[in-house]
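The sequence shown begins at 1 in the working numbering and counts up one residue at a time.
One structure below.
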Amino acid sequence: MGILTNIELSGSNITLSEPTFLRLRDFIYQRTGIFFPDNKKYFLENRLYQRLKALNINDFETYVRKIQNGLMDSELQQLINQITINETFFFRNEAQLEALERHIFPELFRRARQRPGKSIRIWSAACSTGEEPYTLAILLQEKFRPLLTGIRVEILATDINSQVLQKARQGLYRDYAVRKIAPGLLQRYFQPQSTGYQIAPEIRQMVQFRQLNLMDRWNMQQIRGMDVIICANVLLYFDERSKRQVVNSLYDSLNPGGYLLLGYSESLYGVSHAFKPVHFTKTIVYKKECHYA
Ligand SMILES: C[S@@+](CC[C@H](N)C(=O)[O-])C[C@H]1O[C@@H](n2cnc3c(N)ncnc32)[C@H](O)[C@@H]1O
Numbered sequence: 001m002g003i004l005t006n007i008e009l010s011g012s013n014i015t016l017s018e019p020t021f022l023r024l025r026d027f028i029y030q031r032t033g034i035f036f037p038d039n040k041k042y043f044l045e046n047r048l049y050q051r052l053k054a055l056n057i058n059d060f061e062t063y064v065r066k067i068q069n070g071l072m073d074s075e076l077q078q079l080i081n082q083i084t085i086n087e088t089f090f091f092r093n094e095a096q097l098e099a100l101e102r103h104i105f106p107e108l109f110r111r112a113r114q115r116p117g118k119s120i121r122i123w124s125a126a127c128s129t130g131e132e133p134y135t136l137a138i139l140l141q142e143k144f145r146p147l148l149t150g151i152r153v154e155i156l157a158t159d160i161n162s163q164v165l166q167k168a169r170q171g172l173y174r175d176y177a178v179r180k181i182a183p184g185l186l187q188r189y190f191q192p193q194s195t196g197y198q199i200a201p202e203i204r205q206m207v208q209f210r211q212l213n214l215m216d217r218w219n220m221q222q223i224r225g226m227d228v229i230i231c232a233n234v235l236l237y238f239d240e241r242s243k244r245q246v247v248n249s250l251y252d253s254l255n256p257g258g259y260l261l262l263g264y265s266e267s268l269y270g271v272s273h274a275f276k277p278v279h280f281t282k283t284i285v286y287k288k289e290c291h292y293a
């Protein structure tokens, strides 16, 4: 799509001027927390050109003015769907999954047994097309199945992009997404289809998908009582201010003793001192301290 759009863009002479780019990036930043540095102007130009075409708008100035003035409310979601980076795949972060399997999940099952509700709550907070929360569900079924009869495990999976959530709910994946899944697991937890692999119903029913903007303070406040939050490979698109806001919200959503897990190249350095870093083999996770843990 990139190459084609570039050709069309230069041919049609529709470009994003510097002042319009600055207004557009401010608008996106205010709504989503995603910050586009100067060198990403071409990216917005390429991705949003399709929207201009679909709306029959001939220049970026008109498009940006209309969305800024609230003249195209439904366009905001389309814009967000175009500009988010949704790269993900099953079993993406091996070291983190090992820490979950060996240390974090066993601790949570022990703790859950002593709680009245006997439940464990997990949140994949930028789940994209669903590979991350489904990976967790597969790990739980594969390694903790006997414990799942006595303890209820809920996995909430959220994203700002409505299109990826639709795909996540469908649970149909192509070869690229499943490339890191061991053949035995692929056989047990997927049904082969002519167009790819369909996630098994027992895994599908463990995950609840919901649309949520991490920058939406009010809706973030509604999420409480989480034991594990994975917020991976999303904060790297945010600036310091929005990172801090999101991490503070995630802190409030965690139970005392709960864990926050970030992406492979992400850390809370300079963002929050509220968590205790816990080191496992090749990965660091962040614990919300409690008196009894
Ligand atoms: C690169 S994907 C990460 C997927 C998965 N967590 C992983 O690590 O494989 C980043 C996701 O963050 C989502 N995202 C970006 N800004 C967001 C926001 N403000 N609120 C919620 N999700 C957001 C995007 O839509 C995208 O699906």
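Glycine included, every Cβ here is placed at the ideal spot set by N, Cα and C.
Given the structure is predicted, the values throughout are model-derived calculations rather than measurements.
Simplified DSSP assignment, three categories, for residue i
| i | result |
| --- | --- |
| residue 4 | The predicted position of residue 4 is uncertain, since its pLDDT is 42 and thus under 50; a value taken from the coordinates is nonetheless stated next. Residue 4 falls in the helix class under three-state DSSP. |
| residue 67 | helix |
| residue 283 | strand |
| residue 158 | strand |
| residue 268 | coil |
| residue 249 | helix |
| residue 164 | helix |
| residue 58 | coil |
| residue 180 | coil |
| residue 116 | coil |
| residue 75 | helix |
| residue 209 | strand |
| residue 273 | coil |
| residue 43 | helix |
| residue 80 | helix |
| residue 35 | coil |
| residue 174 | coil |
| residue 109 | helix |
| residue 124 | strand |
Heavy atom of ligand 3 within 7 angstroms of residue i beta-carbon
| i | result |
| --- | --- |
| residue 171 | Because ligand 3 does not appear in the structure shown, any question about it cannot be addressed here, the ligands present being ligand 1. |
Beta-carbon contacts of residue i that lie in its chain and below 6 angstroms, excluding the five residues immediately before and after
| i | result |
| --- | --- |
| residue 83 | 47 |
| residue 131 | 88, 89, 90 and 177 |
| residue 243 | 235 and 271 |
| residue 213 | 160 |
| residue 93 | 264 |
| residue 24 | 64 |
First through last residue of the alpha helix (DSSP H) which encompasses residue i
| i | result |
| --- | --- |
| residue 138 | 131-144 |
| residue 31 | 18-32 |
| residue 294 | With the chain running from 1 to 293 in the structure shown, residue 294 is simply not present. |
| residue 102 | Taken as a continuous stretch (DSSP letters only), residue 102 belongs to no alpha helix (DSSP H), as it is neither H nor E. |
| residue 214 | Taken as a continuous stretch (DSSP letters only), residue 214 belongs to no alpha helix (DSSP H), as it is neither H nor E. |
| residue 229 | Element bounds for residue 229: not the alpha helix (DSSP H) but the beta strand (DSSP E), 226-231. |
| residue 199 | Element bounds for residue 199: not the alpha helix (DSSP H) but the beta strand (DSSP E), 196-199. |
With 16 other Cβ atoms within 10 Å as the buried cut-off, status of residue i
| i | result |
| --- | --- |
| residue 114 | exposed |
| residue 281 | exposed |
| residue 112 | buried |
| residue 45 | buried |
| residue 294 | For residue 294 there is no data in the structure shown, the boundaries of the chain being 1 and 293. |
| residue 227 | buried |
| residue 146 | exposed |
| residue 20 | buried |
| residue 135 | buried |
| residue 85 | exposed |
| residue 126 | buried |
| residue 71 | exposed |
| residue 30 | exposed |
| residue 294 | For residue 294 there is no data in the structure shown, the boundaries of the chain being 1 and 293. |
| residue 51 | buried |
| residue 128 | buried |
Assumed close pair residue i, residue j - CB separation to whole angstroms, cut-off 8 angstroms
| i | j | result |
| --- | --- | --- |
| residue 122 | residue 153 | 7 angstroms |
| residue 208 | residue 157 | 7 angstroms |
| residue 181 | residue 90 | 5 angstroms |
| residue 124 | residue 199 | 14 angstroms between Cβ atoms; not a contact. |
| residue 133 | residue 151 | Incorrect: roughly 18 angstroms between the Cβ atoms, too far for contact. |
| residue 139 | residue 107 | 15 angstroms between Cβ atoms; not a contact. |
| residue 204 | residue 171 | 5 angstroms |
| residue 196 | residue 169 | Not quite, the Cβ-Cβ distance comes to about 15 angstroms (not below 8 angstroms), so this is no contact. |
Neighbourhood of residue i by C-beta, 7 angstroms cutoff - its chain only, sequence neighbours within 5 removed
| i | result |
| --- | --- |
| residue 56 | none |
| residue 225 | 121 and 255 |
| residue 99 | 280, 283 and 285 |
| residue 67 | 27, 75, 76 and 79 |
| residue 274 | 251 |
For residue i, the first and last residue of its enclosing beta strand (DSSP E)
| i | result |
| --- | --- |
| residue 193 | 190-193 |
| residue 256 | 254-262 |
Sequence-distant residues of its chain with Cβ nearer than 8 angstroms to residue i (five each side left out)
| i | result |
| --- | --- |
| residue 109 | 120, 144, 147 and 151 |
| residue 238 | 33, 34, 35 and 246 |
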